[in-house]
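Asker: My questions will all concern the structure given below.
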Amino acid sequence: MSTTKKPLLEVRDLKQHFPITSGSFLQRQVGAIRAVDGISFDVYPGETLGIVGESGCGKS
């Protein structure tokens with residue numbers, strides 16, 4: 001029997017991009033803010049994951 005713990009959460013290549021738009025009537029995307037771009041992590045039993053950031057910064 002293996003004593004290696006399995007992760008409770010596995011995240012691979014996480015990305016969260018927010019569009020930047022221009023125009024008031026016909027909005028078009030002119031760019032993007034890359035809040036998170038390609039991170040990977042594991043959370044194992046007994047570990048704690050904390051997410052820190054300013055109000056409205058996209059934590060959810």
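My numbering puts the sequence shown at residues 1 to 60.
All C-beta atoms, glycine included, are put in the ideal place defined by N, C-alpha and C.
Name, in chain order, the residues that DSSP records as bridge partners for D13.
Answerer: Your numbering for residue 13 matches position 13 in the sequence shown. For D13, which the question treats as bridged, DSSP gives no partner whatsoever.
Asker: With DSSP collapsed to three states, give me the class of V52.
Answerer: Residue 52 sits at position 52 when you count from the first residue of the sequence shown. Correct three-state label for V52: coil.
Asker: Using only the alpha-carbon positions, how far apart do V30 and S24 sit?
Answerer: Here residue 30 refers to the residue found at position 30 when the sequence shown is read from its first residue. Here residue 24 refers to the residue found at position 24 when the sequence shown is read from its first residue. A direct Cα-Cα distance of roughly 13 Å separates V30 from S24.
Asker: Going by the CB atoms, is the gap between R28 and K15 shorter than 9 Å?
Answerer: As a first step, residue 15 is located in the sequence shown; it is residue number 15 there, counting from the start. As a first step, residue 28 is located in the sequence shown; it is residue number 28 there, counting from the start. In this structure, R28 does not lie closer than 9 Å to K15 by Cβ.
Asker: Which two residues bound the contiguous beta strand (DSSP E) that contains Q27?
Answerer: Here residue 27 refers to the residue found at position 27 when the sequence shown is read from its first residue. First-last for Q27: undefined, no H or E at that position.
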